[in-house]
Amino acid sequence: MSPTAVLHSEWIKIKSLRGTVGSLAAVFLTTVAITVLVFATVGRAESDNADAEPLFGAFYALNFGQLAAIAFGATAVSSEYVNGALRISLSAVPRRALFYRSKIAVVGAAALGVGLLTSFTAFLGGQAFLGEDGIGLGHTGAVGACVGAGIYLALMALLAAGLTALLRSGVAVLSVLVPFTLIVPFVIGDVAGGAAQFLPDRAGQQILHEDPNGVLGGWTGLGVMALWAAAAVGAGWWAVRRRDA
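Take 6 as the starting number for the sequence shown in my numbering and just add one per residue.
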C-alpha cells in the first residue's frame, strides 16, 4: 500500500471507533463547556483580582481538556491490541515503520486540528463574558498562547499514543498518565523545588503565560514537552518493531 493509502486507512479507523471519536470530541466540548461555565459565573470576580494572570487564566479549562486528549491518544492505539486487530493491520501493511508512522501522523494531525479549534474557541468564548475586562487576540502573547495550547493538546495525545504502543494497554496508560498529570508535578514541585517545571504538563503550559516563570520560556517549555512526546513515540516504535503481533 502507498503511504497515502495507509494514512487514509488509519483515518478511517479513527472515524469508525466510537471511543476514539468520543474522546476527540470531548477535548473540544469539555474545554469549551468548562470555560463558559467558569467565566459566566466567576469570571468577572476573578478579573478584579490584582494577582490574577488574565492570559493564563483564560486557559484554565485546558487542565480538563488534556485528559480527553490523553484518552484520545490511548484509545486510537489501544484498538490495535483488541481481538488480534494488530495482526490484521500488519497483514495489510507489512512495513511496520509505515504502519506506525501513519498511525502516529493521523493521531497527531487530528489532535492538533481539534486542539487549535478548542484553544481559540475557549479563549474567545471565555473572554466574551468579561466585557470590558476581557482580553482579545491583540493582547500580548494571546495568539501564541492559543497556538501553543493547540500544540500542547496534540503533544499530550502523542505522548499517550506512544506509551500505549509500548504498554499495549490504553487502561494502563490512563492509569499512569492521569495521576502523573494531575498529582505528580505538585508532589515533585514541593519536594524537589523547580524540578517539576521539566515535567511534560508544566513545561508545555509555560506557553500559556504572558511572562513565564522559571528557566523555561514559552516555546522552550513546549519544546521540552515535545521531547517527552518524541521519547514516548520512539519507545512505542521500538515495541511495535521488536514484539510479535
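No residue lacks a Cβ here, since even glycine has one placed at the ideal position from N, Cα and C.
This one's a predicted model, so the numbers in the text were calculated from it and none came from an experiment.
Look at the alpha carbon of residue i and the alpha carbon of residue j, and state the distance between them as a whole number of angstroms.
| i | j | result |
| --- | --- | --- |
| V176 | A165 | 11 Å |
| E137 | G130 | 14 Å |
| V19 | S84 | It should be noted that the sequence gives Ile, not Val, for residue 19. Rounded to the nearest angstrom, the two C-alpha atoms are 9 Å apart. |
| A197 | I188 | Reliability of the predicted coordinates at A197 is poor, the pLDDT of 49 falling under 50, and no value is obtained from them. |
| V32 | M6 | 32 Å |
| Y157 | R92 | 32 Å |
Exposed or buried, which one is residue i when buried takes at least 16 other CB atoms within 10 Å?
| i | result |
| --- | --- |
| S4 | The shown model of the chain, from 6 to 250, leaves out residue 4, and the question about it has no answer. |
| R246 | exposed |
| L142 | exposed |
| L232 | exposed |
| P2 | Residue 2 lies beyond the range of the chain shown here (6 to 250); nothing can be said about it. |
| T9 | exposed |
| A57 | exposed |
By DSSP, does residue i sit in helix, in strand, or in coil?
| i | result |
| --- | --- |
| M6 | coil |
| A63 | coil |
| V32 | helix |
| P205 | helix |
| A197 | Confidence is the limiting factor: at A197 the pLDDT is only 49, short of 50, which leaves the residue's position unreliable and the question unanswerable from this model. |
| I19 | helix |
Could you please give the first and the last residue of the uninterrupted alpha helix (DSSP H) stretch that includes residue i?
| i | result |
| --- | --- |
| S84 | That residue, S84, is in no alpha helix (DSSP H); it is neither H nor E in DSSP. |
| S174 | Neither: S174 is in no alpha helix (DSSP H) and is coded neither H nor E. |
| R247 | 223-247 |
The ligand GDP heavy atoms versus the CB of residue i: any closer than 7 Å?
| i | result |
| --- | --- |
| L221 | With respect to small molecules bound, the structure shown includes none, and the ligand GDP cannot be examined in it. |
_So within the segment 80-140, which uninterrupted alpha helix (DSSP H) runs reach at least 4 residues, ignoring any that extend past its ends?_
90-97, 101-133
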